[in-house]
Amino acid sequence: MRVVVRRICGFVFYGLLFLSIENIRAQNTSQTSTITLEEVSLSASKFDTPRSVLPFSLSVINLKDVQALHQQLSLQEYLGAVPGLFSLNANNYAQDLRISIRGFGARAAFGIRGIKIIVDGIPETTPDGQGQLDNLPLGLLQNIEVLRGPSASLYGNASGGVLSLNTVDRLEGESVRFRSTLGAFGLQSYKLSASLNSSKTTSLFYFNRTQTNGYRTFSGLEQNVFNAKIKHKLSSKSLLQAQLNYTQSPRAEDAGGLTMDEVMADRNQARQRNVAFDTFEKVNQFKVGLSWLQNWRTQWKLDTYAFYSLRDFYGKLPFENGGIVDLYRNYYGLGSRLTYTEENEDLLHRWQIGTETALQRDQRDRFLNQNGTQGANVFSQEERFGSFGLYILDEVQSKKWLLRTSLRFDRQNVGADTVIENQIYTVLNPSVGLSYSLAPQQRIFFNFSTSYETPALSELSANPSGEEGLNLSLDPSRAINYEAGWKTLGEHTRLEASFFYIKSSNEILPYELEAFPGRSFYRNTGATERYGLELFGETRWDQWKLQASLTQAAYLFAGADTTSEMEGKRLPGIPNSQAFIQVEYTTSSQWRFQLTGEHIGKFYANDSNTAAVDAYQRVRLQARKGISFAWGEVAVFGGVHNLFNTFYFDNIRLNAFGGRHYEPAPGRNFFGGLSFGF
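Going letter by letter, the sequence shown gives residues 2 to 679 in my numbering.
Structure (structure tokens):
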């Protein structure tokens, strides 16, 4: 099956290449009914430079037409087409989705590390590099930009890649929309959106309630999300935007990792220790942000933001000493960037200077977990992480080439009330990129960039000694990236190919100790080498759309700082090969069908590569039918995940003690629902 999938994707890409050449050759001499692909300018790149001329790899997922097809339960539903990106853990709601881009982020025991998350222009990632997506209003997503590769010269700490998520400003043609989804494992999801608009102001309010029992025993979720977004034109050259998000999740259960013997005996079961210790999390999160955009004449633009966020977390882990965590987090920040643009007949020149500062305070308490009952406080400390960044970006573009350079200085100040002296990190990160036009619609590009990643506070506070304070033996990891690629954008077809080579040092990975089963500690594991080829293609004709991507890479422990036992071993938690193919068909009677297939290659669950996770394939089918009335639209939708009932794992716990790496994924499961808007 694995060989078959690779051959199919190979045929797809050769076919797309042929289509692209034919479209480029014939576009000025023929007419066709094919849907034209639009060129897109991007916010993640800091300038509104078209995607096709950028000197680095950036993927865009446009959800305008297909959002209504999805179950809207996990961000994983949208990310499969992005080459070089791998995600796990869509069904353990206590641990949150784990995402890695070219290996960055793979170390996360929970949530997201090493990847910067931006939502509507405001950072979602904390200053220390942690990110969670449990507060994301999935039903409002308009597009996702994925910057694939180290981006510290623009985004600072923990920017091995960037996820920029943008939500809609208003409901198109509607004032109110309601959506109800029912599905397997007791899933109930209800979404209500309302839009109020005037000549100068747009506002959108959104509420979502989700409840599910989960696939496995003791894996349920209850969650409420409220989101508000208001935009107001102060003048023809000035725009003010406010956004507010509140998330309440009173219970998200953790069924825990199983051994392979336990998986084979009963895939649905929870680890008995997790049930006995009542392992779950409770979260309340509030975030408010304000951004202001001001233009002067046609040359100057100022973009400024400020935000404040509070996260109140309470969680239980499956061990006694420190097995209950009570975390109260405040973090806030502001940023500003000034852009100057000068253009003549031959050149477009832009430069930008920007600054960002943020502060995070975590009050972390740990208590005895006495079979699910809270006992005495055994750990209490306030942890602080402050950051300051200053960068300059310059871009010069002619008809044939584009040159982009940037340099960023960052300073982090890390401390705790139990630590006498703070830890200071300072770093400079450069980048340079060049793209050149081979033909009117074809470009090659090259770039060099760097990144660094400090340990997060949750990692520093996980002290193997069991004492208060921070594990200051952990050092930041560093990476250098080289990339070359080719892009073509025809009238109906887009093709992209990129090759990357990344060398990192002081890689941070999790491990477990026998005395604290289920709790992650962290260590530097030496240097790594990562290199690979990423391909992406899409084409549209009549009512059809085809997308495909392929990743073939190697992620290895290698280098002078790597022990002989680790040399040449593969990084755990990342497959060397991935393939994706999706076919979409839309009828004139408002039916839309989407068939998606994915291949995930073999990977490992531990540093020593003794626990292998076999390759697997999964298929998803979704459909929607809209019915228009004079007053609005009613739609029915539904789908089936894991169509062929494949045996695979939703999550892998890296370096888990006792071989408890495995969290089984659901088999074939269905969802369906009804929506209406007016």
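Here a beta-carbon is modelled for each residue, glycine too, at the ideal position from N, C-alpha and C.
With a Cβ-Cβ cutoff of 8 Å, do residue i and residue j count as a contact?
i	j	result
Ala110	Pro477	no
Gly355	Arg385	no
Glu530	Lys546	no
Asn525	Leu596	no
Phe683	Gly184	The question about residue 683 has no answer here: the residues shown for the chain are numbered 2 through 679.
Tyr329	Asp313	yes
Glu680	Phe278	Coverage of the chain is limited to positions 2 through 679, which leaves residue 680 absent and any answer about it impossible.
Asn705	Lys192	In this structure the chain extends from 2 to 679, so residue 705 is not present and cannot be described.
Ala229	Phe206	yes
Phe447	Pro56	yes
Ala606	Tyr523	no
Ser176	Ser199	no
Gln424	Leu348	no
Val614	Gly598	no
Leu435	Leu404	yes
Glu146	Ala266	no
Gly157	Ser388	yes
His600	Gln618	yes
Closest to residue i by CA distance: which of the options is it?
i	options	result
Thr69	Asn507, Arg178, Gly106	Position check: residue 69 holds Ala in this sequence, whereas Thr was assumed. Checked all of Asn507, Arg178, Gly106; the closest Cα to Ala69 is Arg178.
Leu429	Thr248, Glu454, Phe446	Glu454
Asp608	Gln595, Glu599, Tyr556	Tyr556
Ile119	Leu148, Tyr94, Asn92, Arg103	Leu148
Ser154	Arg479, Phe308, Leu572	Arg479
Met567	Gly527, Tyr649, Gln553	Gly527
Leu318	Asp267, Gln270, Gln375	Gln375
Ala616	Val433, Leu59, Val635, Phe650	Phe650
Pro357	Arg272, Asn345, Thr127, Val614	A small correction: the amino acid at residue 357 is Glu; Pro does not occupy that position in the sequence shown. It is Thr127.
Gly574	Gly81, Gln73, Ser60, Arg99	Arg99
Ile653	Leu259, Arg103, Asn246	Leu259
Gly639	His71, Val67, Ser46	His71
Leu245	Gln286, Asp267, Gln273, Arg541	Gln286
Leu655	Arg571, Ile628, Gln273, Leu311	Arg571
Leu622	Asp363, Asn577, Met261, Tyr586	Tyr586
Asn63	Asn90, Leu89, Gln96, Gln143	Gln143
Ala91	Arg108, Gln73, Asp543	Gln73
Can you tell me the Cα-Cα spacing of residue i and residue j, whole angstroms?
i	j	result
Gly673	Ser190	10 Å
Thr494	Ala612	41 Å
Phe677	Arg625	12 Å
Pro665	Gln77	16 Å
Lys302	Thr342	9 Å
Glu383	Glu321	22 Å
Tyr483	Glu535	14 Å
Gln443	Phe449	21 Å
Trp402	Thr299	23 Å
Leu139	Val289	18 Å
Arg409	Leu644	47 Å
Asn275	Phe658	15 Å
Phe594	Leu458	45 Å
Phe227	Tyr309	16 Å
Ser337	Lys238	17 Å
Arg661	Ser101	21 Å
Leu339	Asp304	7 Å
Gly373	Lys283	14 Å
Val637	Tyr216	24 Å
Val264	Ile509	29 Å
Leu188	Leu675	14 Å
Tyr94	Asp121	24 Å
Among all the DSSP beta bridges, which residues are the ones paired with residue i?
i	result
Asn209	Lys192, Val226
Ser60	Val147
Ser478	Glu454
Trp402	Tyr437
Pro124	Ile119
If we count Cβ pairs, one from each stretch, closer than 8 Å, do we get three or more for the region 505-525 versus the region 41-60?
no
Stretch-stretch touch, CB-based, cutoff 8 Å, three pairs: the region 485-503 with the region 167-186:
no
So, does the region 77-86 touch the region 145-164, judging by three or more C-beta pairs under 8 Å?
yes
Kindly confirm or deny that the region 129-146 and the region 103-118 touch, where touching means at least three C-beta pairs closer than 8 Å.
yes
Check whether the region 245-254 touches the region 219-234, counting contact only when three or more Cβ pairs, one atom from each stretch, lie closer than 8 Å.
yes
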